[in-house]
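Numbering (the numbering used here), first residue to last: 88 to 470. Built from N, CA and C at the ideal position, the CB exists for glycine as well.
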Ligand SMILES: [Zn+2]
């Protein structure tokens, strides 16, 4: 049963794209969805994360199994708007494609989940268990929203989770973690002709980078699905002037972790190397963790993955494959206490490779079909 006409489904997506939620302002998206849910008698709760940023949680049905559905409300910056062929905040249809910032990542997924939930409620077709909709803030910048929901216990009784990130062609059931460091070295400024009067902050930092590159990477360890840990120094800053001994230097690192080589172990290694270098006279290296999202590993053998593959074939004519991915999702926070067998997947309208691009789009029919696919998937699981 369809509660909404095709035009109404498109209007909801259009309204969501029109709300500029570039790394902020998710509250307007949350309020829009809260109002939409309320029109169909679904209560929802705004869960504050900071003074200005919020999550939204809504639920239908009662008891278990609890089917978790989730999407983030923020989008990444459109960059230079003049590079876009259309206004990024006006959903524009061309040749069966819907263009706009978030059309792909991931307001189409978010809208499809919300609409699916309303239609399940209106048709009274959910006869067992419940569906918990969790819209998050700040996914693109560290996952503060999903962390908050996890900490407040919203995941405790959840039996399966779908994150509707763009991945229409392939089901992602595991992904790496992401860990950021800022490493600062303090020295003492001096004229470069009299370096003994100061201490060059770059020297110990250069040694630190060399050692981390050599000692943190470990090709002997890898995950069956996710492969090896990846580690890179991505930013280096230091010095003001060519004839001055620099007082401060800093380097940033991004690490993509795997369960066999996790966040804690990498942090310990960074600290250990810093401590050893700091034994040298005057070296002062400080390691700061600026983001830590754990990896998500599930075995991908759940009934939910099978249901999703069958539905993918039914709706799109081709059985979607399954993979582990190097990218992170809110699953990093949501699945902190779940085991390998937990039915998790990232599966949603749009293409993974299209995320964060200029002129991002989703195929109109894919967006519309995912609404029905989600309804069927939830009903097949909650039996
Ligand atoms: Zn996304």
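Asked	Found
Per DSSP, what kind of secondary structure is residue 169 in: helix, strand or coil?	helix
Please report the straight-line C-alpha distance between residue 307 and residue 458, rounded to a whole angstrom.	43 Å
Could you say which of 387, 139, 142 lies nearest to residue 313 if we only look at CA atoms?	387
Quick test of your reading: residue 226 and residue 159, contact by CB under 8 Å. State the CB separation rounded to the nearest angstrom.	3 Å
Taking Cβ positions, are residue 265 and residue 343 nearer each other than 8 Å?	yes
What do you reckon, are the CB atoms on residue 336 and residue 296 nearer than 8 Å?	no
Helix, strand or coil for residue 367? Go by DSSP, reduced to three states.	coil
What do you reckon, are the CB atoms on residue 248 and residue 157 nearer than 8 Å?	yes
Is it buried or exposed, residue 255, if we count other Cβ atoms within 10 angstroms and call 16 or more buried?	buried
Given a threshold of 16 other Cβ atoms within 10 Å of its Cβ, counted over all protein chains shown, does residue 127 qualify as buried or as exposed?	exposed
Could you tell me the distance, in whole angstroms, from the CA atom of residue 119 to the CA atom of residue 155?	20 Å
Does the Cβ of residue 373 have 16 or more other Cβ atoms within 10 Å, making it buried, or fewer, making it exposed?	exposed
Over what stretch of residues does the alpha helix (DSSP H) that includes residue 291 continue unbroken?	289 to 302
Between residue 400 and ligand 1, is the CB less than 7 Å from at least one heavy atom?	no
Please report how far the alpha carbon of residue 364 lies from the alpha carbon of residue 358, in whole angstroms.	10 Å
Using 10 angstroms around the beta-carbon of residue 329, count the other beta-carbons present and answer buried if the total reaches 16, otherwise exposed.	exposed
Is residue 447 near ligand 1 - that is, is its Cβ less than 7 Å away from at least one heavy atom of it?	no
Enumerated in chain order, which unbroken segments of the alpha helix (DSSP H) with a length of 4 residues or greater are wholly contained in the region 394 to 450?	418 to 421
Let's see if you can read the secondary structure: which residues bound the beta strand (DSSP E) around residue 156?	153 to 159
Regarding residue 203 and ligand 1, is the C-beta to nearest heavy atom distance less than 7 Å?	no
Can you grab the Cα-Cα spacing for the pair residue 441 / residue 192, in whole Å?	8 Å
Where does residue 260 sit, in a helix, a strand or coil, going by DSSP?	strand
Note down, in chain order, each residue of its chain lying with its Cβ closer than 7 Å to the Cβ of residue 268, except the 5 sequence neighbours on either side.	339, 340, 357, 374, 375, 376, 377
In whole angstroms, give me the CA-to-CA distance for residue 282 and residue 371.	17 Å
Who are residue 131's beta bridge partners in DSSP?	145
With distances taken from CA atoms, which of 105, 252, 367 is nearest residue 439?	252
The beta strand (DSSP E) that contains residue 318, what's its start and end?	317 to 325
Is residue 181 helix, strand or coil when you go by DSSP?	strand
Nearest to residue 260 by alpha carbon, out of 435, 467, 300?	435
CA-CA distance, residue 250 and residue 401?	20 Å
Any heavy atom of ligand 1 closer than 7 Å to the Cβ of residue 159?	yes
If you reduce the DSSP assignment to three classes, tell me which class residue 314 lands in.	strand
With residue 222 as the anchor, note down where its beta strand (DSSP E) starts and where it stops.	217 to 223
Going by C-alpha distance, which of 207, 190, 271 is nearest residue 481?	Given a span of 88 to 470 for the chain in the structure shown, any question on residue 481 remains unanswerable.
To the nearest angstrom, how far is it from the Cα of residue 171 to the Cα of residue 141?	29 Å
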